[in-house]
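In the working numbering, the protein residues as written are 14 to 499. We put the CB at the ideal spot given by N, CA and C, even for glycine.
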Ligand code: UD1
Ligand code: MG
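Take a look at the structure:
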């Protein structure tokens with residue numbers, strides 16, 4: 014099947030510098046949603062991918078397509094055609110004509126209608142199916158709306174057969190009362206489409222070449238016209254303004270939340286979760302309010318995520334507890350670990366089982382083995398940390414010399430006192446203890462106490478006393494404080 018996605022329009026009502034189809038829903042451009050569904054529909058074996066008609070902001074749209082090819086190679090199959098001037102939906106499709114395989118039917122999608130399901134599109138394609146290509150019918154996805162204002166209306170004969178589509182601006186007041194609307198999504202016989210598109214005229218209220226005018230042409234040519242509806246209204250909702258985008262985002266999020274709950278996940282409030290990517294959960298996962306998941310996130314069975322956590326591209330093991338306000342990005346967390354509150358795991362944080370990372374602790378590009386703890390105010394970067402290590406409050410691995418990054422190795426059973434700086438590259442041997450306040454610039458031997466610290470001294474000393482201002486003004490000279498006795 015040929016798939017053409019119309020995406021040349023400007024989207025004036027968004028009042029944005031970004032082309033409308035690049036506005037994001039659930040963290041992905043609207044066009045990416047449509048393309049993913051189109052690619053799914055065509056399957057891996059398809060020789061050519063969907064054709065995107067670009068126009069307004071064409072350079073940005075092409076740049077976006079080039080950027081997603083890296084993430085998903087299937088996007089490499091997508092081709093673009095330019096509609097230099099936006100003269101209507103019929104004119105847009107005309108630009109793609111030379112790329113269409115006449116033996117296959119053509120599915121038209123809109124780049125700003127992001128949530129049409131594969132199931133609905135398969136239903137529509139099946140409805141159009143004749144003996145492939147040549148004899149296929151014309152299938153229209155329509156919708157009954159209580160308020161059809163603004164949409165093209167489906168005009169039917171007395172016997173119920175579709176006669177034409179009339180646009181709102183060209184409709185008579187009687188036609189405006191029709192509640193069945195054109196969603197714009199349709200499957201057409203490509204051989205006929207070639208002829209019809211060339212015959213389109215712009216003699217209408219908007220002076221545009223309407224794709225919808227091909228319906229009356231199909232009636233004339235005796236091509237059967239069939240209609241189908243999507244299971245849910247949101248599947249055919251287009252985005253024209255920011256309020257519509259926000260409304261559709263909420264619909265999409267609540268749908269995702271419902272799917273999670275169906276799969277055995279508990280959500281404190283299904284209206285207060287945002288999934289911008291894919292979230293896979295085991296059974297009995299609990300997610301509290303205000304959490305945002307980005308990219309690919311996995312939460313294994315029994316894991317609990319506290320309120321207001323942000324988790325991106327991370328794999329979280331079984332029975333992990335992530336306390337409130339934690340931020341995880343590119344992290345792996347092992348079974349039974351405790352994270353946060355206010356913890357930050359950055360890319361390459363790889364924690365084994367039962368690791369504790371507490372408040373205001375940042376871990377980057379570091380492997381931490383089982384049962385180790387950094388419970389308060391620490392930075393662990395570019396490190397390899399063994400098992401049963403205790404990293405005291407305020408400990409910092411000084412991994413960066415201003416030019417290069419260096420590694421810190423902390424072996425098993427090490428105890429690091431508070432406020433220690435480990436100036437990398439440096440190694441702390443197995444079972445070593447570092448005294449609080451140590452600045453470690455050389456390797457610390459195993460099983461010994463290493464301390465680097467100025468000697469503690471105590472002096473007789475008189476703390477200066479704040480003098481009363483009035484008293485000071487009466488005095489001519491102030492007394493010097495007495496010297497401390499040695
Ligand atoms: C269109 C339909 C209308 C339908 C409605 C559904 C026509 C004539 N009308 O109207 O029956 O009810 O969609 O939302 O088809 N586009 C281009 N190039 C152009 C014009 C549009 O690529 O020159 C693209 C837009 O980017 C958009 C889609 O086509 O993705 C629809 O265009 P839009 O201007 O929104 O059409 P409507 O007037 O809403
Ligand atoms: Mg529109």
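Assigned secondary structure, residue i (DSSP; H/G/I helix, E/B strand, else coil)
| i | result |
| --- | --- |
| residue 146 | At residue 146, the pLDDT of 46 sits below 50, so the modelled position is not reliable; the number obtained from the coordinates is stated separately. Three-state DSSP puts residue 146 in a helix. |
| residue 83 | helix |
| residue 103 | helix |
| residue 72 | helix |
| residue 339 | coil |
| residue 454 | coil |
| residue 111 | helix |
| residue 230 | helix |
| residue 49 | helix |
| residue 156 | strand |
| residue 89 | helix |
| residue 345 | strand |
| residue 247 | helix |
| residue 369 | strand |
| residue 61 | coil |
| residue 414 | coil |
| residue 284 | coil |
| residue 446 | strand |
| residue 267 | helix |
6 Å CB neighbourhood of residue i in its chain, flanking five on each side removed
| i | result |
| --- | --- |
| residue 193 | 155, 157, 167 |
| residue 352 | 335, 339, 370 |
| residue 356 | 339, 370, 374 |
| residue 380 | 363, 397 |
| residue 343 | 326, 360 |
| residue 152 | 137, 140, 141, 200, 239 |
| residue 229 | 177 |
Alpha-carbon to alpha-carbon, residue j and residue i
| i | j | result |
| --- | --- | --- |
| residue 473 | residue 455 | 35 Å |
| residue 428 | residue 467 | 20 Å |
| residue 75 | residue 251 | 21 Å |
| residue 93 | residue 102 | 16 Å |
| residue 139 | residue 200 | 10 Å |
| residue 482 | residue 471 | 32 Å |
| residue 378 | residue 393 | 8 Å |
| residue 364 | residue 347 | 6 Å |
| residue 279 | residue 317 | 9 Å |
| residue 196 | residue 124 | 13 Å |
| residue 345 | residue 258 | 33 Å |
| residue 328 | residue 110 | 45 Å |
| residue 277 | residue 311 | 14 Å |
| residue 224 | residue 58 | 29 Å |
| residue 6 | residue 83 | Absent from the structure is residue 6, since the part of the chain shown begins at 14 and ends at 499. |
| residue 231 | residue 149 | 11 Å |
Cβ-based burial, residue i [other Cβ within 10 Å; buried from 16]
| i | result |
| --- | --- |
| residue 396 | buried |
| residue 291 | exposed |
| residue 14 | buried |
| residue 22 | buried |
| residue 180 | buried |
| residue 478 | exposed |
| residue 9 | What the structure shows of the chain is the stretch from 14 to 499, and residue 9 is not part of that stretch, so it cannot be assessed. |
| residue 56 | exposed |
| residue 5 | The structure shown does not extend to residue 5, since the chain is modelled only from 14 to 499, so the question has no answer here. |
| residue 322 | buried |
| residue 416 | exposed |
| residue 272 | exposed |
| residue 171 | exposed |
| residue 319 | buried |
| residue 219 | exposed |
| residue 85 | exposed |
| residue 5 | The structure shown has nothing for residue 5, since the chain only spans 14 to 499. |
Proximal residues to residue i (C-beta, below 7 Å), its chain only, five neighbours per side dropped
| i | result |
| --- | --- |
| residue 269 | 288 |
| residue 462 | 446, 448 |
| residue 246 | 156 |
| residue 169 | 175, 176 |
| residue 457 | 441, 442, 445, 447, 463 |
| residue 570 | As shown, the chain starts at 14 and ends at 499. That puts residue 570 outside it, with no answer to give. |
| residue 499 | Residue placement at residue 499 is flagged as unreliable, the pLDDT there being 45, under the threshold of 50; the coordinate-derived value follows with that caveat. Excluding positions up to five away in sequence, the list is empty. |
Any chain D beta carbon closer than 8 Å to residue i
| i | result |
| --- | --- |
| residue 387 | Among the protein chains of the structure shown there is no chain D, as only one such chain exists. |
8 Å Cβ shell around residue i - same chain, five flanking residues per side excluded
| i | result |
| --- | --- |
| residue 261 | 38, 127, 128, 247, 250, 252 |
| residue 431 | 405, 406, 407, 408, 449, 450 |
| residue 399 | 382, 385, 423, 424, 425, 426, 427, 443 |
| residue 349 | 330, 331, 332, 333, 366, 367 |
- prompt: Can we say the stretch 94-106 touches the stretch 197-217, given the rule of at least three CB pairs closer than 8 Å?
  reply: yes
task: Indicate whether the contact test is met: 3 or more Cβ pairs, each with one atom in the stretch 81-91 and one in the stretch 112-128, closer than 8 Å.
output: With a cut-off of 8 Å, the stretch 112-128 and the stretch 81-91 do not count as touching, because too few Cβ pairs lie within range.
field: Cβ contact (3+ pairs, closer than 8 Å) linking the stretch 304-315 and the stretch 258-268
entry: no
message: Taking 8 Å as the cut-off, does the stretch 179-193 touch the stretch 51-68 (at least 3 CB pairs, one atom from each stretch)?
response: no
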